[in-house]
Each structure stands twice: as structure tokens, then as C-alpha cells.
Amino acid sequence: SANVVVNGSTVNLGLWDTAGQEDYNRLRPLSYRGADVFILAFSLISKASYENVSKKWIPELKHYAPGVPIVLVGTKLDLRDDKQFFIDHPGAVPISTAQGEELRKLIGSPAYIECSSKTQQPSELSFNHQNRKKRRAKHRRPAPYCDWKMKM
Numbered sequence: 600s601a602n603v604v605v606n607g608s609t610v611n612l613g614l615w616d617t618a619g620q621e622d623y624n625r626l627r628p629l630s631y632r633g634a635d636v637f638i639l640a641f642s643l644i645s646k647a648s649y650e651n652v653s654k655k656w657i658p659e660l661k662h663y664a665p666g667v668p669i670v671l672v673g674t675k676l677d678l679r680d681d682k683q684f685f686i687d688h689p690g691a692v693p694i695s696t697a698q699g700e701e702l703r704k705l706i707g708s709p710a711y712i713e714c715s716s717k718t719q720q721p722s723e724l725s726f727n728h729q730n731r732k733k734r735r736a737k738h739r740r741p742a743p744y745c746d747w748k749m750k751m
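Residue 600 is where the sequence shown starts when you use our numbering, and the numbers rise one by one after that.
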């Protein structure tokens, strides 16, 4: 967790990366209690990942945390237009921005963002390198620190 400034107020940001595997179906909901917002990510190069948003994740979140806002995030933006990637991975299916927006509306999300950890796109998602350096000094394997500036 980290303290970040959002709209002029300091808030404690705690991120939980919950496993999607079936083995964790009973444990995962324990992390949902008390959440103020969910960041629901899917891969922009995987139709299965995209479809799991509405088939698996939305029903689960609405069941265990009704009313909590869900921000939809498409990841691996850098690979969506990478022709070589799709040559090397013939089963991969790119998801368009329009499809992401359509899904956002379908699930009632207040925001949809596409991003790439490789290129650090978009500008709303920026990594705070100074804090990463501080963490490296304290820990051998630091978790990436993310300063997320988002307008909803």
C-alpha cells in the first residue's frame, strides 16, 4: 500500500492482485471486503481475457461487493498493433478501443483506460521512479509503485 494524492486529498492505495485460477474461487472474495473501487484488468490481446470480464469477474464482484465502482483497464496496449506478435501467436485476438468502450458501458464502469507497462501509456498511468528507488534500497525485490492520476 502507498499514500497517494487524488484530487488534492491523500488516500491510502492498496492494490491486491487476485488470482483468477479456479483454485482461488473461495479465497478471492475475502479480499473484496472494504474495497472502495475495483480495477478490473483484461488483456487487449486475448479474447478469452476480454470475455472473462463479463462472464466471470462482473458477476463475482457484483455478488460480493455490490455498488462498488469498477474501473475497466485494458493491458498490453503496446502489443495490440504489433504485427510480429500476432504472427508469432496466431491464436491471439486483438481487442479494439471500441470493444473496450462497449464493455465499459455493458458493465456500468465509470472509466475505461488502455495501458502498457512496457511503454508506460497512457499519461494517466505513470510510474513514480523515485519511490521505486527508495523501495529498492529497502527491499531486494520491490513491487512496482504506481501513481495513478485518473479523472472520473
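Ideal Cβ placement from N, Cα and C applies to all residues, glycine included.
These numbers come from a predicted model, not from an experiment.
In chain order, what residues of the same chain have a beta carbon less than 6 Å from the beta carbon of residue i, not counting five sequence neighbours either side?
i: I694; result: L643, Y649
i: Y663; result: P628, Y631
i: T718; result: D677
Out of the options, which one is the CA nearest neighbour of residue i?
i: W615; options: A634, L671, A647; result: A634
i: C714; options: S608, T617, L678, E621; result: L678
i: S716; options: H688, P689, K646, G673; result: G673
i: G707; options: Q683, D680, I686, L660; result: L660
i: N624; options: K655, P665, L676, D681; result: K655
i: T617; options: F637, T609, A601; result: F637
Leaving aside the five residues before and after residue i along the sequence, list all residues of the same chain whose C-beta is less than 7 Å from its C-beta, in chain order.
i: Y711; result: L671, G699, E700, R703
i: I657; result: I706
i: K675; result: S642, L643, I644, S715
Our contact map puts residue i next to residue j with C-beta atoms below 8 Å; I'd like the distance itself, whole angstroms only.
i: P709; j: P668; result: 6 Å
Taking Cβ to Cβ, would you say residue i is nearer than 8 Å to residue j?
i: S645; j: A697; result: no
i: V604; j: L612; result: no
Near residue i, what residues of its chain come up, given a Cβ to Cβ distance below 8 Å and the 5 sequence neighbours on each side ignored?
i: V652; result: L639, F641, L671, L702, I706
Uninterrupted alpha helix (DSSP H) stretches inside the region 661-731 (no shorter than 4 residues): The region 661-731 contains, as complete alpha helix (DSSP H) runs of 4+ residues, the segments 676-679, 682-687, 696-706 (chain order).
List, from N- to C-terminal side, the beta strand (DSSP E) runs of 3 residues or more that fit wholly inside the region 605-652. 608-612, 637-642
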